[in-house]
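Student: One structure is given below, represented as structure tokens, and several questions about it will come after.
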Amino acid sequence: MTDLVLKPSAYRGPAGPVVLAILDGVGLGPPDEGNAVHLARTPVLDHLFATCPWTRLLAHGTAVGLPSDADMGNSEVGHNAMGAGRVFDQGAKLVNEAIATGALFRGEVWRAIVDRAARPSRTLHLMGLLSDGNVHSHIDHLVALLRNAAEEGVLRARVHVLLDGRDVPETSALAYVDRLEAVLAELSTSGRHYAIASGGGRMTTTMDRYGADWAMVERGWATHVHGNGRTFPSARVAIETLRSEKPGLIDQYLPAFVIAGGDGKPIGPIANHDAVVFFNFRGDRAIEITRAFEDAELPFFDRSPRPDVLYAGMMQYDGDLKLPTRYLVAPPPIDDTIGERFAASGISTLAISETQKFGHVTYFWNGNRSGYIDEKRESYVCIDSDTRPFEERPWMKAAEITDHVVDQLATGRFRHVRLNYANGDMVGHTGVRDAAIVAVEAVDLQLGRLVAAVRRTNGILVVTADHGNADEMYERKKDGSFDVGPGGRPRAKTSHTLNVVPFVVFDPSGTRWAISDAVKKPGLANIASSLCTLTGFEPPAGYEPSILVAPG
């Protein structure tokens, strides 16, 4: 690892640690009544903006490796870019290219999937998030798989739909269901029968992450695999009925449901010798259901009877754990991360967040790599997240994270600390503006404690974000005005935004940092080199340049 060692610069760094605080989901949007960041009381952030060098960073689209600048950023690609110091083509773009060129359909895994599913009495099951949010999945990818399966002679296909309402408008599920049903009807000719078999909201069914709530996965397993659950004649009827029973319930929280035929029996349980594809390309919310299909032993719930199936993911979701064993598109080969560079250079590091974002400051930051890079140099701390709805506890675990960081800063043990406050993103996704305001205020309160601790330890604090979310809590129309719903109230927005994010440097030593004029369109990938500059090292060759001009 000697080639990873950083070269000292003329500036030798602060006496204390360089701390990176990632305010997840806190972007810089128009200052209006839908912007929870603007509406929140944030005296600490306001003071930092008024007194410290700062700039705006691109955190979406091609700046983080997504197909186009119309694509929202997300925590996965944002932390990849921050940790890698470079922009890698990400899942959505890689899958688009694999489908467009036909490479996916020529691949060994897809050939095995269709070969298995095309045999008599076999079924192809496609499972994943049904939307065009392009954060975890895209409906176009699902449609492409279905069309190719039909061309390849697969006679029976079942789709298990996870409803979004988080990366897309909160009650948009029927638009995607109707589009999918039209495709399924079109393909259900010449002896083929393609249909939706089950579903549920993404925050109730299947798509847990970081072990926060395995009951979600158990619920999905019962629904998709065993066909156990409340039955309906169609997905549309299921969604309309569930909404009518609990007015105000948004898509991501809809209960699980099963589609039954005229005989009252589920039309699509997963059986022995079937083929299953989880069509999400993003890994964090795909790993646990993948383990349910692939792990010989699973201590979290009883899977029996567990069918013997051929399972594949759209991508490999964890390169170190080799999950899943089979996948349709290879993930981005992210190497030479700043975490590796710091470890090789002897820089002691603390990475901390709560459960909802722990994998982002570790796994995604380290280039989709599980575990430690160097246990002697690194400490990873996960604070258990609440399991109650985030709008009911918008303060989340910001205080507990800060408690630990403040205590550890006092020890002088770490030269670099990175932490993620999840509030702006997780509460932003609920669509509850007033809760998001409290979430941002809770983070600002803890940021004040962090500023004081950095000052006491003669360190430097960098404040940034991975993408926007809480900065736009209302949907907009094309003309920029709010999209007003029944009762004259603006429709809630639950997705990320296209807004820039802040990059602020607080250095209590009085060092006169300047924002570089040479970097014309800085983005998240410029952060790694900037951390090198602040820590007293020359940025690595090949990294996006530092945003900062070093003193001297």
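In my numbering, the protein residues as written are 11 to 562.
Just so it is clear, CB atoms sit at the ideal spot from N, CA and C, and this is done for glycine as well.
Because the structure is a prediction, the values reported are computed rather than measured.
Classify residue 151 as helix, strand or coil using the three-state DSSP reduction.
Tutor: In this structure, residue 151 counts as helix in the three-state DSSP scheme.
Student: What distance in whole Å lies between the Cβ atoms of residue 336 and residue 169, which are believed to be in contact at a cut-off of 8 Å?
Tutor: No, residue 169 and residue 336 are not in contact; Cβ-Cβ is about 19 Å, not under 8 Å.
Student: What's the call for residue 254, buried or exposed, on a 16-neighbour Cβ count within 10 Å?
Tutor: It counts as exposed.
Student: Ignore the nearest five residues each way along the sequence and tell me which others in residue 40's own chain have a CB closer than 6 Å to its CB.
Tutor: Taken in chain order, the list of residues that qualify is empty.
Student: Who pairs with residue 328 in a beta bridge, going by DSSP?
Tutor: In DSSP, residue 328 forms a bridge with 333.
Student: Quick test of the definition: if touching needs 3 or more C-beta pairs under 8 Å, does the stretch 203-214 touch the stretch 171-178?
Tutor: With a cut-off of 8 Å, the stretch 171-178 and the stretch 203-214 count as touching, because enough Cβ pairs lie within range.
Student: Where residue 128 and residue 136 are concerned, what is the direct C-alpha to C-alpha distance, given to the nearest angstrom?
Tutor: One C-alpha to the other measures close to 14 Å.
Student: Could you pull the start and end residues of the alpha helix (DSSP H) that residue 542 belongs to?
Tutor: First-last of the alpha helix (DSSP H) with residue 542: 537-545.
Student: Taking its Cβ as the centre, do 16 or more other Cβ atoms sit within 10 Å of residue 200, making it buried, or is it exposed?
Tutor: That one is exposed.
Student: Apart from the five residues on each side of it in sequence, which residues of its chain come closer than 7 Å, Cβ to Cβ, to residue 4?
Tutor: What is shown of the chain runs 11 to 562, which leaves residue 4 out entirely.
Student: Going by alpha carbons, who is nearest to residue 25 out of 425, 90, 125 and 114?
Tutor: Among 425, 90, 125 and 114, the Cα nearest to that of residue 25 is on 425.
Student: Residue 137 lies in the beta strand (DSSP E); which residues open and close that run?
Tutor: Element bounds for residue 137: 134-140.
Student: Report the rounded CA-to-CA distance for residue 532 versus residue 100, giving the unit in angstroms.
Tutor: Spanning the two alpha carbons is a distance of roughly 19 Å.
Student: Consult DSSP for residue 369 and reduce its assignment to one of helix, strand or coil.
Tutor: If DSSP states are grouped into helix, strand and coil, residue 369 belongs with the helices.
Student: Output the residue ranges of the alpha helix (DSSP H) runs that lie fully inside the stretch 242-322 and measure 4 residues or longer, sorted by chain position.
Tutor: Fully enclosed alpha helix (DSSP H) runs of 4 or longer: 245-255 and 297-304.
Student: Could you check the C-alpha separation between residue 111 and residue 358 for me, to the nearest Å?
Tutor: Approximately 44 Å between the Cα atoms of the pair.
Student: Closer than 6 Å by C-beta to residue 537: which residues in its own chain qualify, once you throw out the five before and the five after it? Chain order, please.
Tutor: Same-chain partners within the cutoff: 92.
Student: Using DSSP's beta-bridge definition, name the partner residues of residue 208.
Tutor: Per DSSP, 170 and 268.
Student: Measure from the alpha carbon of residue 490 to the alpha carbon of each residue in 42, 364 and 526, then state which is nearest.
Tutor: Of the listed residues, the one whose Cα sits closest to residue 490 is 42.
Student: Work out the CA separation of residue 523 and residue 427 for me, nearest whole Å.
Tutor: The alpha-carbon atoms of residue 427 and residue 523 are separated by roughly 20 Å.
Student: Would you report the Cα separation of residue 488 and residue 80, rounded to the nearest angstrom?
Tutor: C-alpha separation (whole angstroms): 13 Å.
Student: Residue range of the alpha helix (DSSP H) that residue 49 falls in?
Tutor: Segment 46-49, the alpha helix (DSSP H) holding residue 49.
Student: Classify residue 11 as helix, strand or coil using the three-state DSSP reduction.
Tutor: Any reading at residue 11 must be qualified, since the residue scores a pLDDT of 41, below 50, and its modelled position is unreliable; no value is offered.
Student: How should residue 539 be labelled, buried or exposed, when 16 other C-beta atoms within 10 angstroms of its C-beta is the threshold for buried?
Tutor: Classification for residue 539: buried.
Student: Rounded to the nearest angstrom, what separates residue 557 and residue 370 at their Cα positions?
Tutor: Taking the straight line joining both Cα atoms gives about 22 Å.
Student: Taking just the CA atoms, how far does residue 386 sit from residue 11?
Tutor: Interpretation of residue 11 is limited by its pLDDT of 41, a score under 50 that renders its predicted location unreliable; no figure is taken from the coordinates.
Student: With distance defined between alpha-carbon atoms, name the residue in 256, 291, 243 and 290 nearest to residue 274.
Tutor: Answer by Cα proximity: 243.
Student: Per the contact definition of three or more C-beta pairs closer than 8 Å, is the stretch 392-411 in contact with the stretch 443-451?
Tutor: Output reads yes: the stretch 392-411 touches the stretch 443-451.
Student: State the Cα-Cα distance for the pair residue 85 and residue 362, rounded to the nearest angstrom.
Tutor: Straight-line Cα distance between these residues: approximately 15 Å.
Student: Pair every Cβ in the stretch 493-513 with every Cβ in the stretch 447-461, then say whether three or more of these pairs are closer than 8 Å.
Tutor: In short, these stretches do not touch, since the Cβ pair count stays below three.
Student: For the pair the stretch 476-487 and the stretch 12-31, tell me if three or more CB-CB distances fall below 8 Å.
Tutor: In short, these stretches do not touch, since the Cβ pair count stays below three.
Student: At a threshold of 7 Å, does residue 120 count as lining the ligand SAH (C-beta to nearest heavy atom)?
Tutor: Annotation note on the ligand SAH: not contained in the displayed structure, which lists no ligands.
Student: Residue 548 to residue 542, Cα distance in whole Å?
Tutor: Rounded to whole angstroms, residue 548 to residue 542 spans 6 Å at the Cα level.
Student: Skipping 5 residues on each side, what residues in its chain have a beta carbon closer than 7 Å to that of residue 290?
Tutor: Once the five neighbours on either side are set aside, the close Cβ partners of residue 290 are 138, 139, 146, 147, 296 and 324.
Student: Less than 8 Å between the C-beta atoms of residue 285 and residue 132, yes or no?
Tutor: Yes; because the gap between Cβ atoms is below 8 Å, this pair is in contact.
Student: Assign residue 510 to one of three DSSP states: helix, strand, or coil.
Tutor: Residue state, collapsed to three classes: strand.
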